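Notes follow once the structure below has been shown.
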Amino acid sequence: MSATDFLFAIWPAILAGIVAAFVPREMSPRQRVALGFIAAIGLASVKWLWPSELPAVVAEGAKAPEEWPHLLNLIVGLPLVGGVVVMFMPRQLLSLVRGFTLVVMAAAFLASLGLLTVPMTAGWHFNYSKDWMPGLGIRYHVAVDGISLWLVILATFITPIAAFASFGSIKTRIKELCIALLFLEGAMIGAFVALDLFVFYVFWELVLVPMYLMIGIWGGTDRIKAAVKFFIYTMVGSVLLLAAILYLVWANQKLTGQWSFDYIDLSRVVLARPAQMLCFWAFSLAFFIKVPMWPVHTWLPDAHTEAPTGGSVILAAVLLKLGTYAYLRFSMGLFAGPASSLAANLAGVAVLGGVLYGALVAWKQQDVKRLVAYSSVAHLGYVMLGLFGATPSGMQGAVLQMVNHGISTGALFLLVGVIYDRRHTRQVDEFGGLAKVMPAYATLFLIVTFASVGVPGTNGFIGEFLVISGTYVSERLGVFGGIHTVGAAAGVILSAVYMLGVVQKMFFGPLTNPKNKHLPDLTPREALALAPLIVMIFVIGFFPGVFLDRMKDAIDMHHSQFKTVSGQAVLYSDEKDAKLLPEDVFSPAFLDGSPSRMTGPKDAEPHAKNDAANGGAK
Amino acid sequence: MTAYVPILLLFTVAFALAGVFFVLGGAIGPKNPTPEKMIPYECGSESTGARFVKPSVKFYLTAILFVVFDIEAVFIYPWAIQFRALGWTGFVTMGSFIALLVVGLVYVWKKGALEWEK
Amino acid sequence: MTRLMAISPLLVVALGGVLLMLAEAFSHRREEGDVRHTGPSSELALGTAVTLLAGAIMAAAVWMVGPEKLETLPGLAPYYVADRFTLFFTFTICLGGALAALLAGGYLPEHKLDRGEFYPLLTFGTVGAILLAAAGDLLSLFIALETMSLAVYALTGFRRTSPRSTEAAVKYFLLGSFAAVLLLYGGALLYGATGHTDLAGIRAAIMHPAAAKPANLALVLVAAALILCGLAFKVSAVPFHMWTPDAYEGAPTPATGYMAVAVKTAAFAMMLRVLVGGFGDGALASWAAGWPPVLALLAVVTMTGANLVAGRQESVKRMLAYSSIAHAGYVLVAVATIPRASEEAQASVMYYLLAYTVSTIGAFGALVLCGSRGAEAVSYEDLAGLGKRHPAVAIAFTLFLLSLTGVPPTAGFFGKWYVAKTTIGAGLYPLAIVLLLNSALAAYYYLRVLVYMYMRDPAPGAPIAKPMRSGYVVGALVIAGVLVLALGIWPTTPIELAVQAALTAR
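As given, the protein sequences belong to chains A, B and C, one line each in that order. Under this note's numbering, the first residue of the first sequence is numbered 701, with each subsequent residue one higher. Under this note's numbering, the first residue of the second sequence is numbered 592, with each subsequent residue one higher. Under this note's numbering, the first residue of the third sequence is numbered 8, with each subsequent residue one higher.
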């Protein structure tokens, strides 16, 4: 590409930057430069994302680039190591601690963009595995596929934003905050990429402590109760998960004679019917609590209401996705039988208890943050519905909706945090006519509301549309498919009612409350935190293909496998003992990720070690 | 077990007899209490002071030291009788036993437990 | 001299104890009104720690050589069994004792309890504990038990002027003697029934009714019940736990830590020796008519009861006492699975005790560090705002509490995980579920400490706990903290060693 071509290619971006920098009034030069920069970047990315240019990018990398095996270790390890480093930094140097934290998070984000450099074919990418406790069959095994890819990027994308926003509003104990945020990020990413159930469980539990501290230390008035409730709820779920993991591993050991905690190895095990049911419930209960699904959702409104803004953002945007992701990956992957036979009932719970009940309760909330929290319950109801329906489009929609919800709810919590920082209240009654004093704020709020409601052109529309259309055609839901579709569609309307209702009450109408007369508009820091989210709302809204293309293969494989395995599970349902499915049930791309296959000829070695550890004293 | 029956019998009779006398004495003995009779018996002289006097802790200490260093004899006698049979093993064993006792004595001495007045 | 090699850990500790005793007697005696900060006991603390660590190192050395290859003294065998089981427990007990001694080195001078007797007592208590782990005969078992217990009674009542400490010592002494009597009585009945006092002989007599002198099974059952009661007392299982909270609360904190760690470990060693070695097979070890269901029931009651009561405590020290009872319950779960998964269950007991040792001594150590002269940290309020004032102490405390809760990647998590794995593998699903639910229940009261440390500010005007300065305590905490993380992240080696150390079922 010659220089003129290059200039020609980027001139719209430059123009956008200039316009954005000069048009606004009453702004300092620094703010103008920042704004112009954002506009230029935004336009450039839109241009790059435009579908017609996609083939060029693919053609350039026709030969699949080499996957660097340590990339995932880097992404997981950066925040964790960063957290340890911050622990030894002097707490007086606030700017150093903050800056370091942001740099580490940004580095993790950039590293996670490296995941996009390879074509996401079906199967596992950036597969890395290393023996941890060979005698027990525990391996450090991480990999991404088209599903977890987006959640990893979501985590690395949201956490710096949440951290940046937190530094604006939280002024006490910055060092602890940074440590908690970094550990939280590392643990969340770890849980998204772990393929060994033990490693997954370790990360899953590790998420609890920093989040608990975040709610408990920097939260609102009732923070301690909320923090303890959060911890105990999740802990109860996860100990049952642990029991089920151990049962499954024992079953596998009895069948194959090998210890393995690996997801891929354990996928082949079909348990006897009652055990299968119990293990499915133990797994799913832990995940449903995290999602959260009705009726175990009651910790969420408290936790959200009391958590600081940054904490709420991470909680809503990433942490809850652990539950939905884990249901998709582990409950559906390991217990396809029950996941299939219970799908219709669970989908009913998701529609009634999640989408409709969540929306109705949200409608009656006076506290904006609580309202957003209940809207989370409703939105995650869509995600779960898409997963229960288990059609390719429904699952794609569900995964996309996970990302969408992360972006739009994260943005909503940031926006609520803005008004809370100014007025120290979140009651809807206290506001009214804010659009007059805070025009930029009102605009952004409206955009995010549209995204949350699912107005076409925003990200929410794509996700909800895919989920609802997937539900309608789902054979798993049978005759209920139609009913659930109607319920879910009604939920969309309800969400428009409550979200637009609150916008109406807060921003329009007369400016009655005198306390609101002199509220300052968004500060540059707040705008900067929100900008990437707003951009992403439209990027996903206009170019969903970028996201759907990369997850399509993985979802198709997961779906077809789910279908086959659940069919096999029905065949085995009368068996008294656990069974091992033949390998040809699975696609080779799936099985190739297994470390026992990756090592190939060294297969016998872990087996020998097993014997030494377990039979040594016999 | 039958060999123990007479002993059991003896115990039963002894306890029963004691109990009978106790009850009899209480039941048929004449009772004529006076203030003098009601005071605790103290060898005929008038009792003085509180009823419960704590003996000095020194007595306990002396008693316990006596027990500790007296018991050694129980071990040393059989060893002395079997001295030749046990040979060097027995000698070394007993030597270390006595050495430990000496250490204990040194400790007690150094701590001042052997001094009556400090 | 090579014959002594097998018992060298015990000899090292015993001789060290004698030397410490003499050193203490000859050391400079502090006069009244002497305000020097360090009395004689600080050096003694270091000496004790070195002695006990030397014991642990000797145990490791003998392990490397291999106790099977070593010639031992004639006639030692049933009274002191020099096997890998003994060595593993010797290591754990010595480690716990050494850390407790380091805690005492900071605690005693700070709280004007600076009398050197503490250290010889601690060392001799450890001698008793090692003997207890090694005893393969009811006679030496009883003597070892009394050696250990007498030392610990004295440690409990170490704060002579405090009525609470004295009360604790008396209570512990009376109930402890009662338990010892039950054990002794059970042992006597067992001797009557089988004609043996050594555990192997007892087992043979129970197993082979056709032997020269058939065992009276009714008598054996009564004896087993009595012995189980005595053992339950010693490991403080509910409902035999009544002495524990009072004794733990009244004793000086390092002594409490020692009791919670070394004494409990030794009691579990004794339990394994008796149950596996003496009652290890036949109907007695069956799930239909033996001790396993009794222990399972005890475990359930212990875990649940202790966790429920622990949540209601206002004193952190008392809470930790109940927590140690609850942990005894978790270990009992593993003990109950022994008939179904012998080596692995024993290994999980041993690993759990090792993990529990470092976590608990660390938690008590953090509590010691939080208090200073005249203001011992005991209640939750004392810890309020500690995370803000002394973040390093608070982080250490948090680490140990998380390990006790069972949050990865700590030793406590892996211990619980391994017990659950064994239990599920043995097919005892309800027991595993109760264990895991209990660990979620326990999170509540461990978290409460975190709540006070990080989320509450001290009430205005309330006395504020000022952490003391002591290199010994900090050293102990560092060692314990490193071990908590190391055992949690690399548990493979200790577990393999524990599997090797397990008693054989036949």
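Each residue gets a CB set at the ideal place from its N, CA and C atoms; glycine is no exception. Remember, it's a predicted structure, so these values are computed and weren't measured experimentally.
Problem set entry | CA nearest to the CA of A/Trp1285, picked from A/Arg1123, A/Thr1264, A/Asp1292 and A/Phe980 | Numbered from 1 along the first sequence, position 585 holds the residue referred to as residue 1285 of chain A. Going by the sequence as given, residue 1285 of chain A is Val instead of Trp. The shortest Cα separation from A/Val1285 among A/Arg1123, A/Thr1264, A/Asp1292 and A/Phe980 belongs to A/Thr1264.
Exercise. By a C-beta neighbour count over all protein chains shown, 10 Å radius and 16 as the cutoff for buried, is A/His1124 buried or exposed?
Worked result: Counted from its first residue, the first sequence places residue 1124 of chain A at position 424. That one is exposed.
For this session: Whole angstroms is fine: what's the gap from A/Ala944's alpha carbon to A/Cys979's?
Result: Mapped onto the first sequence, residue 944 of chain A falls at position 244. Mapped onto the first sequence, residue 979 of chain A falls at position 279. The C-alpha of A/Ala944 lies about 5 Å from the C-alpha of A/Cys979.
Exercise. Can you give the beta carbon distance from A/Leu941 to A/Tyr912, rounded, assuming they're within the 8 Å contact cut?
Worked result: As a position in the first sequence, residue 941 of chain A is number 241, starting the count at 1. As a position in the first sequence, residue 912 of chain A is number 212, starting the count at 1. About 18 Å; that fails the 8 Å criterion.
For this session: Could you check the C-alpha separation between A/Phe826 and A/Phe1262 for me, to the nearest Å?
Result: Locating residue 826 of chain A in the first sequence gives position 126, counting from the first residue. Locating residue 1262 of chain A in the first sequence gives position 562, counting from the first residue. Distance between the alpha carbons of A/Phe826 and A/Phe1262: 23 Å.
For this session: Put C/Ala382 into one of helix, strand or coil per three-state DSSP.
Result: Here residue 382 of chain C refers to the residue found at position 375 of the third sequence. C/Ala382 falls in the strand class under three-state DSSP.
Problem set entry | Proximal residues of chain D, C-beta to C-beta of C/Ile502 below 9 Å | Given the protein chain composition of this structure (A, B and C), no chain D is represented.
Exercise. Which two residues bound the contiguous beta strand (DSSP E) that contains A/Asp1121?
Worked result: Working through the first sequence from its first residue, we reach residue 1121 of chain A at position 421. Premise fails: A/Asp1121 lies in the alpha helix (DSSP H), Pro1092 to Arg1123, not in any beta strand (DSSP E).
For this session: Please name the residue or residues paired with A/Lys1279 in a DSSP beta bridge.
Result: On the first sequence, position 579 is the one that residue 1279 of chain A refers to. According to DSSP, A/Lys1279 bridges with A/Val970.
Exercise. Whose C-alpha, out of A/Ala744, A/Ser745, A/Gly717 and A/Leu743, is nearest the C-alpha of A/Val735?
Worked result: Here residue 735 of chain A is taken as the residue at index 35 of the first sequence, counted from 1. Reading off the sequence, residue 735 of chain A comes out as Leu, not Val. The shortest Cα separation from A/Leu735 among A/Ala744, A/Ser745, A/Gly717 and A/Leu743 belongs to A/Gly717.
Exercise. Between A/Tyr828 and A/Leu1228, what straight-line distance do the alpha-carbon atoms span, to the nearest angstrom?
Worked result: Here residue 828 of chain A refers to the residue found at position 128 when the first sequence is read from its first residue. Here residue 1228 of chain A refers to the residue found at position 528 when the first sequence is read from its first residue. Near 36 Å, if we compare the C-alpha coordinates of A/Leu1228 and A/Tyr828.
Exercise. What is the DSSP secondary structure of A/Asp1284, counted as helix, strand or coil?
Worked result: For the purposes of this step, residue 1284 of chain A is taken as residue 584 along the first sequence, with counting starting at 1. If DSSP states are grouped into helix, strand and coil, A/Asp1284 belongs with the helices.
Exercise. Between the segment 921-937 of chain A and chain C, which residues of the former have CB atoms less than 7 Å from a CB of the latter, in chain order?
Worked result: Arg923, Ile924, Val928, Phe931, Ile932, Met935 and Val936
Exercise. Per DSSP, A/Ile838 is paired with what?
Worked result: Residue numbering aside, residue 838 of chain A sits at position 138 when the first sequence is read from its first letter. A/Met833.
Problem set entry | CB contact check: B/Thr593 to chain C, cutoff 8 Å | Residue 593 of chain B sits at position 2 when you count from the first residue of the second sequence. Chain C, which has no Cβ nearer than 8 Å to the Cβ of B/Thr593, makes this no.
Problem set entry | Own chain residues within Cβ distance below 8 Å of A/Leu771, not counting five before or after | Within the first sequence, the letter at position 71 stands for residue 771 of chain A. Cβ neighbours of A/Leu771 beyond the five flanking positions: Ala811, Gly814, Leu815 and Phe826.
Exercise. Roughly how many whole angstroms lie between the Cα atoms of A/Ala1278 and C/Gly132?
Worked result: Position 578 of the first sequence, counted from the first residue, corresponds to residue 1278 of chain A. Position 125 of the third sequence, counted from the first residue, corresponds to residue 132 of chain C. Near 51 Å, if we compare the C-alpha coordinates of C/Gly132 and A/Ala1278.
For this session: Mark C/Glu31 as exposed unless 16 or more other C-beta atoms lie within 10 angstroms of its C-beta, in which case mark it buried.
Result: Here residue 31 of chain C refers to the residue found at position 24 when the third sequence is read from its first residue. Flag for C/Glu31 reads buried.
For this session: Pull out every residue of the segment 16-29 of chain C whose Cβ sits closer than 7 Å to any Cβ of chain B, in chain order.
Result: Going along the segment 16-29 of chain C in chain order, one finds Val25, Met28 and Leu29 with a Cβ nearer than 7 Å to chain B.
Problem set entry | DSSP state of C/Asp389 mapped onto helix, strand, coil | For this step, residue 389 of chain C is matched to residue 382 along the third sequence. Helix, per DSSP.
Exercise. Chain B beta carbons: is any one of them nearer than 8 Å to that of C/Ala32?
Worked result: The count along the third sequence starts at 1 and reaches residue 32 of chain C at position 25. It does: the Cβ of C/Ala32 has a partner Cβ on chain B nearer than 8 Å.
Problem set entry | Residue-level contact to chain A via CB, C/Trp70, 8 Å cutoff | Position 63 of the third sequence holds residue 70 of chain C. So, not an interface residue.
Problem set entry | Neighbourhood of C/Phe92 by C-beta distance below 6 Å, restricted to the same chain and skipping five residues each side | Along the third sequence, read from residue 1 onward, the residue named residue 92 of chain C stands at position 85. Only Ala508 and Leu510 meet the Cβ criterion.
Exercise. Using the beta-carbon count (16 or more within 10 Å), is B/Phe682 buried or exposed?
Worked result: Numbered from 1 along the second sequence, position 91 holds the residue referred to as residue 682 of chain B. Result: exposed.
Exercise. For the alpha helix (DSSP H) that contains A/Thr1223, what are its first and last residues?
Worked result: The count along the first sequence starts at 1 and reaches residue 1223 of chain A at position 523. Careful: A/Thr1223 lies outside any alpha helix (DSSP H) and carries neither H nor E.
Exercise. Residues in the segment 964-979 of chain A with C-beta within 7 Å of chain C's C-beta atoms, listed in sequence order?
Worked result: none
Problem set entry | Interface positions of the segment 681-700 of chain B facing chain C (Cβ-Cβ less than 8 Å), listed along the chain | Leu691, Val694, Val697 and Tyr698
Exercise. Listed in chain order, which residues of the segment 295-326 of chain C have Cβ atoms closer than 9 Å to some Cβ of chain A?
Worked result: none
Problem set entry | Selected residue, minimal CA-CA separation from A/Ile714, among A/Ile989, A/Lys875, A/Ala740 and A/Pro729 | The residue given as residue 714 of chain A occupies position 14 in the first sequence. Cα-wise, what sits closest to A/Ile714 is A/Ala740.
Exercise. Going straight from the alpha carbon of C/Asp205 to that of B/Glu663, what length do you get?
Worked result: As a working mapping, residue 205 of chain C is identified with position 198 in the third sequence. As a working mapping, residue 663 of chain B is identified with position 72 in the second sequence. Roughly 26 Å between the two C-alpha positions.
Problem set entry | chain C within 8 Å of A/Tyr828, Cβ atoms only | The residue given as residue 828 of chain A occupies position 128 in the first sequence. Not an interface residue.
For this session: Please name the residue, chosen from C/His203, C/Tyr452 and C/Arg166, that lies closest to C/Leu408 on a Cα-to-Cα basis.
Result: The residue given as residue 408 of chain C occupies position 401 in the third sequence. Looking at the Cα atoms, C/Tyr452 is the closest of the given residues.
For this session: Starting from the beta carbon of C/Trp424, find every residue of chain A whose beta carbon is closer than 9 Å, and list them in chain order.
Result: Here residue 424 of chain C corresponds to residue number 417 of the third sequence, with the count starting at 1. The contacting residues are Phe898, Tyr901, Leu942 and Leu946.
Exercise. For the 8 Å Cβ check, are there 3 or more pairs between the segment 18-28 of chain C and the segment 74-93 of chain C?
Worked result: no
Exercise. Relative to the C-alpha of C/Pro474, which residue among C/Glu383, C/Pro346 and C/Ala269 is closest?
Worked result: Your numbering for residue 474 of chain C matches position 467 in the third sequence. Ranking C/Glu383, C/Pro346 and C/Ala269 by Cα distance to C/Pro474 puts C/Glu383 first.
Exercise. Using 8 Å as the limit for Cβ to Cβ distance, is C/Ser446 near chain A?
Worked result: As a position in the third sequence, residue 446 of chain C is number 439, starting the count at 1. Yes, C/Ser446 lies at the interface with chain A (some Cβ there is under 8 Å from its Cβ).
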